[in-house]
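Terminal number for the sequence shown in the working numbering: 390, no gaps in between.
C-beta: ideal position from N, C-alpha, C; glycine also.
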Amino acid sequence: MKIHAIQTGTVALTTSWREGVGHGRRRLLNTLLDREWTDPLPIYAFAIEHPEGVIVVDTGETARVAEAGYFPRWSPFFRLAVRERVEPEQEVGPQLQRLGIGPSDVRWVVMTHLHTDHAGGLHHFPDNEILVSRAELEYAGGLRGRLRGYVNKPWPAWFAPTLVDLPPVELGPFPASLSLTDAGDVALVPAPGHTPGQLAVIVEEEDHSVFLAGDSSYTEDAMLRRAVDGVGADEDAERLTHERVRAYAETTPTVYLPAHDPETAVRLAERRPIGGVRERAVA
Ligand SMILES: [Zn+2]
């Protein structure tokens, strides 16, 4: 199956946002106090060219982030701890066009979660079915959502996604799952922690799976080291998600693709599974 990693600009974070320092409120505060920055990290959306139709996973960021007032001024996080750069032609819509994928080719848009750098391109999909977990939409909407860091005011007025409740159908170590395709080769699984309602997408290919992780971790390395991020809603849930990914990868070679890992595109191109680097280094 052809799977495209579509980079919609970059995001730089304070280092203690990418990897949490301390616990509880202190961990959140540390992301603001930190004056050390990561390099600009990619913001990936994905397009899966499936025989049943193209599946877009996340919509990346919008060039509107450069507009004054796009981010709420009262939020210290956007002022102090995150810097995004997106050119108009980097948005997901124009990039899909360049890949030869038109709006009517897209069968589903699956949102891992609704943070701005995943939902910024929603306006490119006014006529497509968009899937969001019910827990995620409830957590992200309204004033409460804004206080939790969701930039939800720019969501398109027509945004009324199909709400997903994952049925208790086990998929390996994941306690719930929903098969998206009739072929049964693309499934949604719960990946809570970074946000309570986050979903991940598992694409089964011949002898391995491609795991579109959203922000389950910022890097594969962090997931393997059991390191949580600085802003996630629930540290324990995040670690449990990491544990399930590792358990899944023990039985199925798994190409693990976080949305902001600088290695994501090359791992996808090579279909390099978790642990692939170390095996090669040892050999
Ligand atoms: Zn996020």
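- Task: Return yes when at least one heavy atom of ligand 3 lies under 7 Å from the C-beta of histidine 349, else no.
- Result: Ligand 3 is not part of the structure shown, which contains ligand 1 as its ligands.
Quiz item: Is any heavy atom of ligand 1 found at a distance shorter than 7 Å from the C-beta of aspartate 322?
Solution: Checking every heavy atom of ligand 1 against the Cβ of aspartate 322, one is found closer than 7 Å.
Indicate the three-state DSSP secondary structure (helix, strand or coil) for proline 391 in the structure shown.
Outside the shown range of the chain, which is 108 to 390, sits residue 391, and nothing can be said about it.
If we call anything under 8 Å between Cβ atoms a contact, is phenylalanine 281 one with valine 296? Yes.
Quick one: Cα of glycine 339 to Cα of histidine 315, how far?
About 29 Å.
For the alpha helix (DSSP H) holding serine 182, just list the boundary residues, first then last. DSSP places serine 182 outside any alpha helix (DSSP H), giving it a letter other than H or E.
Problem set entry | Rounded C-alpha distance that separates alanine 390 from aspartate 234 | Its pLDDT being 40, under 50, alanine 390 is placed unreliably in this model, and the coordinates cannot settle the point.
> Any chance the CB of histidine 225 is under 7 Å from a heavy atom of ligand 1?
Replying inline: Ligand 1 has a heavy atom closer than 7 Å to the beta-carbon of histidine 225.
Alanine 154: which of Pro299, Asp212, Val118, Val352 sits nearest, CA to CA? It is Asp212.
**Asked** From tryptophan 181 to leucine 139, what distance separates their C-alpha atoms?
**Response** Going by the C-alpha atoms only, they are around 14 Å apart.
Q.
Using a Cβ-based criterion (distance less than 7 Å to any ligand heavy atom), does histidine 220 qualify as near ligand 1?
A. At a threshold of 7 Å, histidine 220 counts as near ligand 1, since its beta carbon sits closer than that to one of the ligand's heavy atoms.
**OP:** Drop a sphere of 10 angstroms on the beta-carbon of glutamate 198, count the other beta-carbons inside from all chains shown, and report buried for 16 or more, exposed for fewer.
**Re:** That one is buried.
| said: Could you check whether the Cβ of histidine 301 sits closer than 7 Å to any heavy atom belonging to ligand 1? | reply: Answer for histidine 301: yes, Cβ within range of ligand 1.
Distance CB(glutamate 143)-CB(aspartate 336) smaller than 8 Å
It is not a contact, given that the beta carbons lie outside the stated cut-off.
Determine whether the beta carbon atoms of leucine 221 and valine 239 lie at a separation below 8 Å.
For leucine 221 and valine 239, yes; Cβs fall inside 8 Å.
- Query: For the beta strand (DSSP E) that valine 217 lies in, which residues bound it at each end?
  - Reply: Annotation for valine 217: the continuous beta strand (DSSP E) segment containing it runs 213 to 217.
Nearest candidate by alpha-carbon position, reference leucine 120, set Pro365, Glu342, Glu312, Leu148 = Residue Leu148 is the option with its Cα nearest to leucine 120.
### Completely contained alpha helix (DSSP H) runs for the stretch 321 to 347, where each covers 4 or more residues
Here the runs fully enclosed are 327 to 331.
Can you say whether glutamate 350 is buried or exposed, counting buried as having 16 or more other CB atoms within 10 angstroms of its CB?
-> Exposed is the call here.
- Would alanine 188 be called buried (16 or more neighbouring beta carbons within 10 Å of its own) or exposed? Alanine 188 comes out buried.
By the DSSP assignment, the alpha helix (DSSP H) with valine 469 in it spans what residues? Not covered by the structure: residue 469. The range shown for the chain is 108 to 390.
Report task. Keeping to the same chain, check which residues put their C-beta closer than 6 Å to that of serine 286; ignore five residues upstream and five downstream. Result -> Once the five neighbours on either side are set aside, the close Cβ partners of serine 286 are Ala294.
Would threonine 361 pass as a contact of proline 380 if the rule is Cβ separation under 8 Å?
Yes; because the gap between Cβ atoms is below 8 Å, this pair is in contact.
Just how far apart, CA to CA, sit arginine 332 and glutamate 174? Pairing arginine 332 with glutamate 174, the inter-Cα distance amounts to about 37 Å.
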